[in-house]
Amino acid sequence: MAQTQVDREFDTVVIGAGVAGLTAARLLARAGQRVVVLEARDRIGGRLHTERAGGSATDLGASWIHGVDNNPLADAVEAFGLRTLEFTVGSYQPDGRPIAYYGPEGQRLDPFESQAFAADVHAFDEVLAGAVARAEAGSSYSDALEAALRELAWDAERAERVREFVRHRSEEQYGVSADLLDAHGLDDDAIEGDEVVFPDGYDELATRLADGIDVRLLREVRCVEWHEGGATVHTDGETFVVARAIVTVPVGVLRSGDFAFEPPLPEQHRAALEGLEMNAFEKVFLRFPERFWDASVSVIRRQGSAGEWWHSWYDLTEAHGAPTLLTFAAGPAAIATRAWSDARIADSVLAALRELYGDAVADPESITVTRWQDDPFARGAYAYKAVGARTEDRETLADPLGSGALHLSGEATWAEDPATVTGALCSGHRVAERVLGREVRFAELWE
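In my numbering, the protein residues as written are 66 to 512.
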């Protein structure tokens, strides 16, 4: 039997080298703490992961900053000198950048028709806000959606076009059907300012945050023992005895049974965790020999039943330097196609595109499909509020335990902007403040 090495030289163990973990570790280390980061993967970044091939940087995980105004993440990116590109369509807006809408029969909507539809979505959203505010506990986003449509009393065709758009928005925003998302599941979805993407790869942020930090890869943690005033963290062959452990693994891992706390988390934390589910959300990138869609169009969007799965394609040509479209297998589509091969998924997407563009759609030069549902260290892309969950569940999950010996952090624990890199960064900052017992300026990350 291999002998276990016991390490007592650190104050804090951070579990997970994603943005939350690296942010916390960097701030603590810069404040004089002895910190080590344990990462199960062979790379840093967590669900921020860039693949580089053929001269392009493809962000398989997070892609956007959803709103750069009043956003510490945008400040960090600027301070670190990361190159960005404005691309304000990443939150399923009905307008903004040019969108080519195609109707249920595959016909291109003219500008007047597109503007009228976008106006309907904006009008609906104003009514929806009231329906969500009045929603009873245990109501779904679908329930609130239908209540708002009843209030508007539109004709069947007009209502159906908005209904499918809003259901797709639930799927693209949180990777889950509107029937399974709590009525308040999109309350936190607020965009301030432009959205940006990263033509050189988003993972540069993780590289900058990890600079100078003791990060140890291929260290899978399966158990954290905690008590008043201390914690013991176990990996294969190593044990770390520290004053505190900061756990930043995704909700999917926390709920999997492969990650244990001794003693178990208290009831309020377990209840909060049960209200959060990991989603089903995958990306499909198709790189073509030439562009067959209008160069002035940022998004292609299909209405009607033919767009049940493949309804939105985003033009990444400017970011990738080659004609590239991104679509999402989101919610029901991700679940249904989970066992499909990349080639079968691509064939399905191409068939949908050829209904609109015919023979102009050439075979792609490359296809990339993400598999976050099958990733043992993620088990989904990010967390959503299941029906009946409360907004405060996220904050409860982050409440320190054992007089500060155990902290949970990550995008799922940040109530104001969860499911984003901003949420991850802010949650890492918050736990650093709690450990240090003082306010910490975000600028301490880069100064």
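Glycine is no exception: its CB is placed at the ideal position from the N, C-alpha and C atoms.
Item: Let me check understanding here. Comparing Cα to Cα, which of A310, R173 and P483 lies closest to A497?; Value: A310
Item: Of the residues L251, S205 and K348, which one's Cα is nearest the Cα of A480?; Value: L251
Item: Would you mind stating whether T297 and T304 have Cβ atoms separated by less than 8 Å?; Value: yes
Item: Less than 8 Å between the CB atoms is what I'm expecting for G386 and A89, so what's the real figure, rounded?; Value: Not quite, the Cβ-Cβ distance comes to about 35 Å (not below 8 Å), so this is no contact.
Item: In this structure, how does DSSP classify A446 when only helix, strand and coil are distinguished?; Value: coil
Item: My output table needs one value for D140: the three-state DSSP class, helix, strand or coil.; Value: helix
Item: If you follow the alpha helix (DSSP H) that V186 is part of, which residue opens it and which one closes it?; Value: P176 to R199
Item: Cβ atoms of Y422 and F350: under 8 Å apart, would you say?; Value: no
Item: Am I right that Q368 and R226 are in contact with their C-beta atoms under 8 Å? What's the rounded C-beta distance?; Value: 6 Å
Item: What residues are listed by DSSP as bridge partners for V205?; Value: Strictly speaking, residue 205 in this sequence is Ser, with Val absent from that position. Note: S205 sits in a beta bridge opposite D247.
Item: Helix, strand or coil for D407 per DSSP?; Value: helix
Item: Check whether the segment 219–233 touches the segment 369–383, taking contact to mean three or more Cβ pairs, one atom from each stretch, closer than 8 Å.; Value: yes
Item: Assign R495 to buried or exposed, taking buried as 16 or more other Cβ atoms, counted over all protein chains shown, within 10 Å of its Cβ.; Value: buried
Item: Is the Cβ-Cβ distance between I80 and V241 less than 8 Å?; Value: no
Item: By the DSSP assignment, the alpha helix (DSSP H) with R228 in it spans what residues?; Value: A221 to Y239
Item: Which residues bound the alpha helix (DSSP H) around S492?; Value: V486 to L501
Item: Skipping 5 residues on each side, what residues in its chain have a beta carbon closer than 8 Å to that of N136?; Value: I130, E257, G258 and T487
Item: Taking C-alpha atoms, which residue in Q238, P169, V261 and L274 lies nearest to R223?; Value: P169
Item: Shortest alpha-carbon distance to E17 belongs to which of G126, V289 and T478?; Value: Outside the shown range of the chain, which is 66 to 512, sits residue 17, and nothing can be said about it.
Item: For the alpha helix (DSSP H) that contains I256, what are its first and last residues?; Value: It is not in any alpha helix (DSSP H) - I256 carries neither H nor E in the DSSP assignment.
Item: Excluding the 5 residues preceding and the 5 following V316 in the sequence, name in chain order all residues of the same chain whose CB lies nearer than 6 Å to its CB.; Value: L341, M343, A448 and A477
Item: Nearest by alpha-carbon distance to G83: which of F324, E269 and P331 is it?; Value: E269
Item: Between the alpha carbons of A394 and A411, how many angstroms are there, rounded?; Value: 11 Å
Item: What is the rounded straight-line gap between the Cα of T123 and the Cα of A404?; Value: 22 Å
Item: Would you tell me roughly how many angstroms separate the C-alpha atoms of V452 and R73, rounded to the nearest one?; Value: 43 Å
Item: Opposite S431 in the DSSP bridges: which residues?; Value: R352
Item: In three-state DSSP terms, what is D72?; Value: strand
Item: Among the residues of its own chain, which have a CB less than 6 Å from the CB of D407, if the five just before and after it don't count?; Value: I432 and V434
Item: Do you know how far the Cα of G110 is from the Cα of T272?; Value: 8 Å
Item: Going by the CB atoms, is the gap between E290 and E327 shorter than 8 Å?; Value: yes
Item: Rank E457, L490, R108 and T149 by C-alpha distance to the C-alpha of V262 and give the top, closest one.; Value: T149
Item: Cutting at 8 Å between CB atoms, please list the residues of its own chain near L462, excluding the five before and the five after it.; Value: H334, A337, L338, L341, L473, A477 and T478
Item: If I follow the unbroken beta strand (DSSP E) through L341, where does it start and stop?; Value: L341 to M343
Item: Cutting at 8 Å between CB atoms, please list the residues of its own chain near V505, excluding the five before and the five after it.; Value: L92, A96, H494, A497 and E498
Item: Let me know if D208 comes out buried or exposed under the rule of 16 or more other beta-carbons within 10 Å of its beta-carbon.; Value: buried
Item: How many angstroms separate the CA atom of G322 from the CA atom of T300?; Value: 16 Å
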